[in-house]
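Top line first, the protein sequences correspond to chains Y and F. Position in the first sequence counted from 1, then plus 83, gives you our numbering. Position in the second sequence counted from 1, then plus 2, gives you our numbering. Glycine is no exception: its CB is placed at the ideal position from the N, C-alpha and C atoms. One structure below.
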Amino acid sequence: MVKENLPDNTLKTLVPQAEVPRVVKPAPPRYRNEIAKYIIRRSDNCRLCGKCVEVCPQGVHVLKEGYKYFAAPHQHVCIGPSCQVTGHYCVDLCPQKALRMVENPMMKLLGDYRWTADMILATWKMAETGEPPPPEYGYEYECGNSGGGFDRIRFKFPDKPPVELSADEIDTSLELNRRNDGRPPIRIDVPWYGGGMSFGSVSNVTQLSKARAAVAFNTFTCTGEGGYMERLRPYDDHTITQVATGLFGVREETIQRVRIVEFKYAQGAKPGLGGHLLADKVTSAVAKMRETVMGISLFSPFPFHSVYSIEDHKKHMDWIKHINRRALVSAKVSTPIDVDMVAVGIYSAGAHIVHMDGGYGGTGAAPDIAKKNIAMPIEYAIVKVHDFLTREGVRDKVTLIASGGLRNAHDIAKAIALGADGVVVGTAELVALGCVRCSRCESGRGCPRGIATTDAELAEQISVEWGSQRIINLYSAWRKDLVDILRRFGMRNVSGLRGRTDLLMHLDYNNDVEHKK
Amino acid sequence: MNGEMIERLLLSRRRLIKELQPHTTERKLEEEGGCGVVGFCCTEPVPAKHIYEPSMQMHNRGNGKGGGIAALGFIPAQLGVSREVLDDNYMLHIAFLDLGVRQTLQNKYISPHFNVVVSQKLETLDDWTTVDGLEAKPPDVYRYFVRVKPEVLDAFIAKNNFSGFTKSQAEAEFVNQNSIRLNQEFYASLGEQKAFVMSEGKNIMILKVVGYAEAITKYYKIEDLCAHVWIAHQRFPTKGRVWHPGGAHPFGGINTALVHNGDFANYHSVCEYLAERHIYPQFLTDTEVSILMFDLLERTYHYPLEYIIEALAPTSELDFDRLPKDKQFLYRAIQAAHIHGSPDGPWFFIIARSIPEEKAFQLMGITDTAMLRPQVFAFCDGEVQVGLIASEKQAIDATLLSLHKDDKRICPVAERYWNARGGSHTDGGAFIFDLKPDASGKMQMRCSDKFGMAVPMPSGIDACDFSANIKVGNGNIKNSIQQCFEKKTAADIFEYVSKNVQQWSFDDIRTACGVITEPAKEPRNTTTAIKALTLLNDRRYSTGSKKRNHVIYILRNALSRLFRNIPKFDSEGSSDNAYRLIDFDTRGLLRAPHAGETTLVINANGFTPEGDKCDAALLMDGYLNGWRHFICFNCIGQRFIGCGLGPETDGVTIDVYDSSGDYLGSGIDGLMITVHGNAQDQVGQIIKRGNLAIHGDVGQTFMYGAKGGSVYVMGNAAGRPLINSVGKPRVVINGTCLDFLGESFMAGDVFNGGGFVILNGVTFDDDGRMIPLREPYPGSNLFSLASGGAIYIRDPQQSVIWQQLNGCGFYRMTDEDWDLILPYLEENERLFGVKVDELLTVNGKQLTPAEVYRKVAPVKITALGKKTEAPTTEVEELTISTGE
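Written out as structure tokens, the structure reads:
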């Protein structure tokens, strides 16, 4: 970060930047009994011979010295039916035939059509191990089951890669400043960065975990619109600060410390509505950060009240660029029918990044009536904007970022193939921390995993170290998946994938047979 | 015009449309973003070069992809015609993108129908690429002075059953229909655009290009062409690669030109409405429907201007309820008939019309009902009268200065500057300048609102003759002032001058200024001189029968001269000079202050309004180099002054003179900014801490998202001040606000470090005496959905009613409240001379605070929050708004 020309008083607020190594380490679930896909039932025939304990490499079965009964099994490490062919299938090997494997009935309840149970568990597995989940686990996680969106889009992989490349020859980095305006270039190592979740909507620990993972992968996280936590200062160089319509927590020194400032005009999950933080979540800490009244709901207005026209928008961005002469500016918008117009307007007003947020994501507090029912689906919006900007001759002067319900490396790759330069992810990071997608985020004490809450007791469940490692592991697994996709196409870098809609097919419109791996 | 005649007119259009068969009701291929608009009218015709300045000033509101100007009220000789020809004939301006079609076009659409008195090709420069600010070759323009041939007109009247129409109404309709046909064939149908009608009125011309507006004056060589009315538009289109001049503004109708800043959300709906009346847009920009609407309401329905304005910008909500009953009845009928043609979305129109029957002209500005676009009006009275309308005040000031350079009877400071309250019962959101010749043929200007009420002007009538040299007379003046310098008391100079100004002549005043600025050249006197002139500029006092704005101009000029005399970095100024001047040319010489140097004086003229090379950036660099005191003068719309200095800037002071721009003082944390005049829009956003004093009005979204600050405003705030504020801002506004004061205010508990606004609702007469406004707050949505803080309104008559609130209640003032706000009122007195005792005086009698001030504060609404404890202030006389 170039720190010259900053006022002394801002320089004084700078702290040494944290270093976080990009190392995969096991990060097992923080609960002894995490949710599992398959469960083993033990009947009374069991004689406690201990054979099952002996044979299971995962350590599912737990029999303690001197105990009369088995302890509860570690269900979540069982690999399921694929164990049958391994020779250590406990069900077959039990002399008493006391064991039986069934699919956990909770699988029918966990998740939804977009984040299926398999997708959630696979994400947990990636967050635990840093690797794409082994096929034995049988997770179907490349696509969900929503019947729309990215779930109907597949890659058309060739039988053989046109060029043989090894994994370390493949470059997944992305340059964010393509404007050539004298502001410093910023190259991130992976074509994604973390979405804005404010302190208040999520806990301290959640924000810090996201920030630390961003440092490890030389990418970014975002503060959301609730102000800039002091504990985030060691991560300034990898933090995007958000200027949202309520202007919460926006101060000159927070703008001056960062390399990227994001204007949040809208969120895809609820276009036409501003930010919501309901009363129960406006705890005293949150109220103090935002300088408002505890226990009173906070609604950010829909528009910036000072921006009602393109020249207002330019003025607004000029303002931020004036305060921080080095920062890049990004504008986050939803996807109305004229999103191409919006995008070119943002570009012409001076932004470096156009960030389109589609409706598949969901800020925890988006009202049901708005969620996913408004605006253009992101897979159409990306293509529309990419094509339009290309025709206008400005495509390579602006970075196009897409977001809204991107769940894994396959979604990310599809978004890029449709025409985006990179993406922003949100929910997936929370799932890495153990989120079960129960959609109770807006209630302060209702988050069972202590992620979307600032309640001290609940938030205590996660340590920063564990949380960071989970996201680092997830990113690691994603990168491996992404590299594999690129390898199969024989592409040396991820920018080669951009706009390659010829490599995609939409199951509704094509009858091509999907190529299997 | 009765209903039957309207029917026949519409039928005639239906026949036309059937013939032309346009393929779609909508033709919006290009998208408007927003832009800058300016217009002015003058009782003397003035040359085009005066529209050059404000157009240049508004470059940052456009992107050079479209610009246009309109002019009305020419001098016949300059166009090579007689007075009769100019007054009687339609001036058809046809723009040719392809000159090859000219003969065909003339043979089909001109010669058969019109008696062409004169036809001229507009002169241009030989090489368009030599003109700065043009993106494409401008169209070749032909001007035809025409009347419809009598036999053609008779046939037209017969065919359409127009008996009962006056000849001139029928002729206007013919001209319009002919233009529609012409445009359809040569522009609107599929295929390449070849030619189109740019304007079709009497004594009116529109020119537009793909480029910046002021390039027109150069390319068409009209810098010396004089007209009574000028409007200009800088466009910011964002979609489409090939720009057509046809898409730029102004758009013309019969005798009318319109420019638009903003965006229509309901273009489709308005097109449908127009299609029902057989009107179809032909150009590629949504603004066109507004002129089509205006023309429809005026020429088809024959509505008076008030009805037209109501149809475009309907009065609603509380403002509707406060209209007199007969107006409610009338407006309800207008709305029922025309609501679907009312453009929705942010918009501000400037419309210029010629009224040939009266040899008169009109310039008007209309704002949308939510006031989402900035707008400023100004009036400059005197021997020559000038009315001005613009997106930013600094464009107005640039115009006046330009006019003054040519004609010293025009003062660069206007009599009055004000904003319109959109869709209101107070002014209807529109102001109109009427230019009409009096009995002797001399043009007179009048300014009125939508309801026809004249805008009150200061009463001073004596003007200063700026062209004459000063006749130095009174030796006393020199002596008295010099004595004050000996004692180093600026306050004494101020006392002396302000008391005597009433009797003095303008020469005396100019003498006095000279006596103040002369000694300022010596370092020991500079501060005294600056302070004295600043006080004279800021404060209110009687100027006798002299025009106050002329006095102000003299003072500001003196200040400017004083500042320009300050030594620069490269001059061998005396080493004990506390001040250093820096300007655009010497900006590279900036260095840290040497011992004894305290104040950096920045001449803003020449700096861009924003960007790396703006003066606000230079100020930042000055701060980084160690300067702590700043003066910015000669501002013409410079933005972001005081921004970017970062946290904890206590002890820094910035004094701003002349026409500062938007976003001033946003984000400050500890420093003090004083604006010695009006400020513009988005002032003081996200202020964290610090002091802001404005000796005038402020514009839109004042202190949006503010978190603190001690702020004092001498005059009024415009729309949406202090919305979304948190923390502890403490603000005194002496005037009033347009609407939405303190919406979503969240600033805690006033007795526990929270924030509040004191709204005094007063103004000052010509003698500087305080007089209460008719109502301290005319709008609605007062403190709407606020969850913290309070507003203290000076409202002894209890004119503010609960219907103006939304989620708050009235509370009685307690001693605790008064103890809390008194220090701020005392500071207000120190800054502006607004005496606390006078504020507490009603009809000559001094009352208690509780009898004069009322408190507006949040009522706990369970839907918004958890149950908390009861409010700490005792609640008597509580009236709860049920809200909507």
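Along chain Y, in chain order, which residues have C-beta atoms closer than 8 Å to that of residue i?
i, result
"D664/F", "K398"
"R375/F", "Y391, S392"
"P348/F", "Y391, S392"
Would residue i pass as a contact of residue j if the rule is Cβ separation under 8 Å?
i, j, result
"R550/F", "G462/F", "yes"
"S727/F", "G757/F", "yes"
"S26/Y", "D440/Y", "This structure leaves residue 26/Y out entirely; chain Y is present only between 84 and 600."
"S661/F", "C645/F", "no"
"G264/F", "G347/F", "yes"
"I269/Y", "N576/Y", "no"
"L365/F", "A380/F", "no"
"A217/F", "L136/F", "yes"
"T289/F", "F238/F", "no"
"F642/F", "C616/F", "yes"
"M202/Y", "Y224/Y", "yes"
Three-state secondary structure (DSSP) at residue i?
i, result
"Y311/Y", "coil"
"A432/F", "strand"
"T337/Y", "helix"
"K67/F", "coil"
"G242/F", "For G242/F, the predicted model reports a pLDDT of 48, less than 50, meaning its position is unreliable; a value from the coordinates is still stated below. Looking at G242/F - three-state DSSP - the assignment turns out to be coil, as it is neither helix nor strand."
"H631/F", "strand"
"S389/Y", "coil"
"T401/F", "helix"
"T513/F", "helix"
"Q806/F", "helix"
"C44/F", "strand"
Between the options, which has its C-alpha nearest residue i's C-alpha?
i, options, result
"I281/F", "L298/F, F238/F, T287/F, S271/F", "L298/F"
"E385/F", "D323/F, C466/F, N421/F, T371/F", "C466/F"
"V654/F", "R691/F, Q684/F, C637/F, Y665/F", "R691/F"
"G355/Y", "V369/Y, F382/Y, Q339/Y, Y196/Y", "F382/Y"
"C228/F", "V261/F, L405/F, A372/F", "L405/F"
"P604/Y", "V160/Y, V246/Y, Y172/Y, E186/Y", "For residue 604/Y there is no data in the structure shown, the boundaries of chain Y being 84 and 600."
"L124/F", "I795/F, K220/F, D510/F, S84/F", "K220/F"
"I343/Y", "D479/Y, G476/Y, A434/Y", "A434/Y"
"S117/F", "P316/F, L12/F, D142/F, V150/F", "Residue identity differs from the one stated: residue 117/F is Asn in this sequence, not Ser. Ranking P316/F, L12/F, D142/F, V150/F by Cα distance to N117/F puts V150/F first."
Chain F partners of residue i, CB-CB under 7 Å?
i, result
"P90/Y", "Y625, L626, L647, G648"
Give the interface partners of residue i over in chain Y, defined as CB-CB distance under 9 Å, in chain order.
i, result
"D265/F", "Y391, S392, I393"
"Y706/F", "L330, F387, H388, S389"
Using the beta-carbon of each residue, which ones in chain Y are nearer than 7 Å to residue i?
i, result
"V728/F", "R373, E374, T375"
"D464/F", "In chain order: nothing, as chain Y lies at least about 41 Å away."
"F238/F", "I393, E394"
List the residues of chain F that residue i touches, going by C-beta distances under 9 Å, in chain order.
i, result
"D242/Y", "Result: empty, since nearest Cβ-Cβ is about 41 Å, beyond 9 Å."
Starting from the beta carbon of residue i, find every residue of chain F whose beta carbon is closer than 8 Å, and list them in chain order.
i, result
"R334/Y", "P649, G669, D671, I688, K690, K709"
Does any C-beta atom of chain A lie closer than 8 Å to the C-beta of residue i?
i, result
"I725/F", "Protein chains in the displayed structure are Y and F, and chain A is not among them."
Which parts of the region 405-475 of chain Y are runs of the alpha helix (DSSP H), unbroken and 4 residues or longer, counting only runs that do not cross its ends?
Within the region 405-475 of chain Y, the complete alpha helix (DSSP H) runs of at least 4 residues are 422-431, 461-475.
Can you check the region 423-498 of chain F for any alpha helix (DSSP H) of at least 4 residues that lies completely inside it and give the ranges in chain order?
If we require 4 residues or more, the alpha helix (DSSP H) runs fully inside the region 423-498 of chain F come out as 477-489.
Can you list the beta strand (DSSP E) stretches of 3 or more residues lying completely in the region 554-607 of chain F, in chain order?
You should have 581-584, 601-605.
Beta strand (DSSP E) runs contained entirely in the region 675-723 of chain F, provided each spans 3 or more residues:
Qualifying beta strand (DSSP E) stretches, in chain order: 691-696, 712-715.
Ignoring anything shorter than 3 residues or poking outside the region 100-166 of chain Y, list the beta strand (DSSP E) runs there in chain order.
Qualifying beta strand (DSSP E) stretches, in chain order: 121-125.
Let me know the beta strand (DSSP E) ranges lying completely inside the region 243-324 of chain Y, each 3 residues or longer, listed in chain order.
Within the region 243-324 of chain Y, complete beta strand (DSSP E) segments of at least 3 residues are found at 275-277, given in chain order.
Within the region 191-248 of chain Y, note down every full beta strand (DSSP E) run reaching 3 residues or more, in order along the chain.
Assignment of beta strand (DSSP E) within the region 191-248 of chain Y, counting only whole runs of 3 or more residues, yields 236-238 in chain order.
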